[in-house]
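Numbering (our numbering), first residue to last: 4 to 342. Ideal Cβ placement from N, Cα and C applies to all residues, glycine included. Below you'll find the structure, written out as structure tokens, and then a few comments.
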Ligand code: NAD
Ligand code: TDX
């Protein structure tokens, strides 16, 4: 194992989004000597409310675009590390309009890498298991760090492109980088466009949940808190230039997850609508995270999905003011797509 890296000042891009804000809460709670500068453009997916109430001497919000090289010149010098979460993150949006995905996910990553190169800053890149494409339902295989890249959607292809930039900046310029590719996250602060929050908030609204295709697509669910602890372990203990897969053995098909949500609301198990499938819909994702566990001693703590889901449902019930403003426009967009 490498020496432990102990950053004191970090930039978290996308720290007002779902996973980024959960990471900021995690760092504030678990690492009291670390100062966080959140860099976030506050797109439709980001809200300053996600980090409201955190101590102002520990967390500073800079509203801006990761593509803005001049802004990066102002905030990057002097920090120890950048942890890069900012992205356009939703597959369905990338199918409707890929352009913002190219800009933020590819060009934005390039600008951050260049800023890190100019100022010799350690860089951690948050990516997704979707870069590996999909697996068949009857295939016993899971993704490993050696699985070839085979992305399917505009979203996942831009994430794959950004991973490649990071690898090139390490090999060519010797930039101190690590990459993590994580499976599907769930938990508080997830936008209502995503599968689990969409169905929970539909049920709160008395609307039938919507299932794509045949509902047999498998996702490997991990609680976002476990994603945060894994990213911290990789940032501080990971080997330079290495990729680590993050997952918590949470494979479930969409129909099973939806039925668990319906049950929690006391609804019959078939009380949902089948809707148009996503074009190019990946069949199954599955992560083998043994490298991360073996090399860095990481273990997930929130592995009881039923408890995690119940807590998530409770969070959406208690925080209607947080998600309500986005709900009508999100559903209008889905309706226009036949979903
Ligand atoms: P999200 O859409 O909830 O949040 C993205 C955040 O990035 C928002 O706060 C948004 O305002 C900000 N942002 C977007 N464009 C920006 C720009 N140009 N400049 C600055 N800020 C910008 O996304 P998420 O689900 O929290 O995903 C975060 C990261 O984790 C992404 O890189 C995603 O690819 C990766 N990831 C997500 C999952 C998942 O299950 N959601 C799984 C694996 C990896
Ligand atoms: O209404 C729905 N009905 C439905 O059946 C929605 C919104 C989704 N689905 C299906 C599609 C997927 O099989 O549920 C599954 C999960 O869908 P999403 O929440 O859109 O997630 P996914 O496409 O799997 O991607 C997520 O995980 C990997 C994140 O959005 C990505 O950012 C991350 O990289």
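DSSP three-state call for residue i: helix, strand or coil?
i, result
"residue 240", "helix"
"residue 187", "coil"
"residue 71", "coil"
"residue 159", "helix"
"residue 57", "coil"
"residue 247", "strand"
"residue 308", "helix"
"residue 130", "strand"
"residue 8", "coil"
"residue 66", "strand"
What does DSSP give as the partner residue(s) for residue i in the beta ladder?
i, result
"residue 84", "13, 125"
"residue 79", "In DSSP, residue 79 forms no bridge with anything."
"residue 29", "The partner list for residue 29 (beta bridge, DSSP) is empty, contrary to what the question assumes."
Taking the Cβ atom as the reference point for each residue, do residue i and residue j lie within a distance shorter than 8 Å?
i, j, result
"residue 104", "residue 161", "yes"
"residue 2", "residue 258", "Residue 2 is absent from the model: the chain starts at 4 and stops at 342."
"residue 111", "residue 181", "no"
"residue 7", "residue 82", "no"
"residue 94", "residue 156", "yes"
"residue 289", "residue 138", "yes"
"residue 150", "residue 9", "no"
"residue 195", "residue 317", "no"
"residue 61", "residue 38", "yes"
"residue 54", "residue 115", "no"
"residue 264", "residue 206", "yes"
"residue 299", "residue 267", "no"
"residue 220", "residue 285", "yes"
"residue 233", "residue 172", "no"
"residue 189", "residue 226", "yes"
Exposed or buried, which one is residue i when buried takes at least 16 other CB atoms within 10 Å?
i, result
"residue 247", "buried"
"residue 22", "buried"
"residue 204", "buried"
"residue 309", "exposed"
"residue 1", "Outside the displayed span of the chain (4 to 342) sits residue 1, for which this structure offers no information."
"residue 20", "buried"
"residue 307", "exposed"
"residue 3", "A query on residue 3 cannot be resolved here, the shown segment of the chain reaching from 4 to 342 and no further."
"residue 293", "exposed"
"residue 130", "buried"
"residue 52", "exposed"
"residue 381", "It is not possible to answer for residue 381, since the shown part of the chain is limited to 4 through 342."
(message) Which complete beta strand (DSSP E) runs does the stretch 205–238 hold, if anything under 3 residues is left out?
(response) Look at the stretch 205–238 and you find these whole runs of beta strand (DSSP E), each 3 residues long or longer: 213–215, 221–223.
(message) If we require 4 or more residues per run, which alpha helix (DSSP H) segments fall completely within the stretch 87–123?
(response) Unbroken alpha helix (DSSP H) runs of no fewer than 4 residues, entirely contained in the stretch 87–123, are found at 94–99, 111–122, following chain order.
(request) Mind listing, in chain order, the continuous alpha helix (DSSP H) runs of no fewer than 4 residues lying wholly within the stretch 256–295? (result) Counting only runs of 4 or more, we get 257–267.
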